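See structure below.
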Amino acid sequence: AQKITQTQPGMFVQEKEAVTLDCTYDTSDPSYGLFWYKQPSSGEMIFLIYQGSYDQQNATEGRYSLNFQKARKSANLVISASQLGDSAMYFCAMREGSGGSNYKLTFGKGTLLTVNP
Amino acid sequence: DGGITQSPKYLFRKEGQNVTLSCEQNLNHDAMYWYRQDPGQGLRLIYYSQIVNDFQKGDIAEGYSVSREKKESFPLTVTSAQKNPTAFYLCASSILDWNTEAFFGQGTRLTVV
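Chains C and S, in that order, are what the protein sequence lines are. Take the numbering used here: the last position of the first sequence gets the number 117, and nothing is skipped along the way. Take the numbering used here: the last position of the second sequence gets the number 230, and nothing is skipped along the way.
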């Protein structure tokens with residue numbers, strides 16, 4: 001079974017509007033971290049925001065916030081006031097904390113966001 | 118400046134040849150990873166290493182080999198046994214902690230003709 005599911009292959013948003021990118025995850029480990037990365041057309045992976053499984057509050061980082069619903073196993077990324085430079089591929093990823101061999105990041109297939117002027 | 122350096126950025130090879138992709142980090146990270154990215158597939162883990170002289174297979178290790186002789190370096194060899202080697206390859210590193218992010222290199226785009 002897929003550990004990270006991103007159901008939106010592509011999304012469009014108008015400049016200055018907010019957009020939500022969906023991510024659901026699957027784990028039985030009580031300790032895990034959820035990460036969002038941005039990949040522009042240049043290919044580099046830019047870390048955006050992190051949410052830990054024990055965090056009580058939703059993570060925020062500038063225009064990025066995470067809508068973390070633990071019971072539903074979802075960690076949706078919200079980008080407020082979209083800018084043209086936000087056009088990129090966005091990946092959700094997870095790390096499980098169940099022991100020394102499990103620090104690898106597992107990625108979803110990504111969502112391609114296009115911001116229209 | 119600390120970071121991860123992958124070289125080269127673009128690589129062309131003839132079918133049947135082995136090729137080695139370089140990955141160096143000066144972040145003093147214990148863990149290093151190699152991912153492969155194909156269109157519509159996201160990132161898939163090839164190999165990872167948490168300590169010098171030790172590494173584990175990821176989800177798609179067949180046709181690849183790695184070494185970790187130094188903490189800073191984690192080269193990936195794409196062998197002739199890899200059936201479809203043309204892809205974008207990303208190297209990453211991190212500390213050994215589940216609640217911190219991994220840092221990525223700029224990637225190497227390998228084209229086999």
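Ideal Cβ positions, reconstructed from N, Cα and C, are used throughout, including at glycine. These numbers were taken from a predicted model, which means no experiment stands behind them.
If we count Cβ pairs, one from each stretch, closer than 8 Å, do we get three or more for the stretch 188–201 of chain S versus the stretch 132–145 of chain S?
-> yes
Can a CB atom of chain S be found closer than 8 Å to the CB of M11 of chain C?
-> no
Determine which residues of the stretch 54–79 of chain C have a Cβ less than 7 Å from any Cβ of chain S, and write them out in chain order.
-> none
Length at least 3, wholly inside the stretch 127–157 of chain S: the beta strand (DSSP E) runs in chain order = 127–130, 136–142 and 148–155
Between which two residues does the beta strand (DSSP E) harbouring V230 of chain S extend?
-> Neither: V230 of chain S is in no beta strand (DSSP E) and is coded neither H nor E.
For R226 of chain S, verify whether its CB is less than 7 Å away from any heavy atom of the ligand MG.
-> Ligands in the displayed structure: none, and consequently the ligand MG is not present.
Cβ-Cβ separation, G180 of chain S to A204 of chain S (assumed contact under 8 Å), whole Å | The Cβ separation is near 11 Å, so there is no contact.
Taking the beta strand (DSSP E) that R161 of chain S falls in, what are its first and last residues?
-> G159 to I168
Assigned exposure category for L193 of chain S - 16 Cβ within 10 Å defines buried = buried
Roughly how many angstroms separate the alpha carbons of S101 of chain C and T217 of chain S, rounded to a whole number?
-> Low per-residue confidence applies at S101 of chain C: pLDDT is 49, beneath 50, and the placement is therefore not dependable, though the value from the model is reported in the following sentence. If I take the Cα positions, the gap works out to 15 Å.
Inter-stretch contact at 8 Å, needing at least 3 Cβ pairs: the stretch 28–48 of chain C / the stretch 88–95 of chain C = yes
Rounded straight-line distance, which links the Cα of S98 of chain C to that of S182 of chain S | 26 Å
Exposure of I163 of chain S, with buried meaning 16 or more beta-carbon neighbours within 10 Å = buried
DSSP state of G206 of chain C mapped onto helix, strand, coil | Nothing about residue 206 of chain C can be read from this structure; chain C reaches only from 1 to 117.
Straight-line Cα distance separating S82 of chain C from S28 of chain C = 34 Å
With a cut-off of 8 Å, does the C-beta of G159 of chain S fall near any C-beta of chain C?
-> yes
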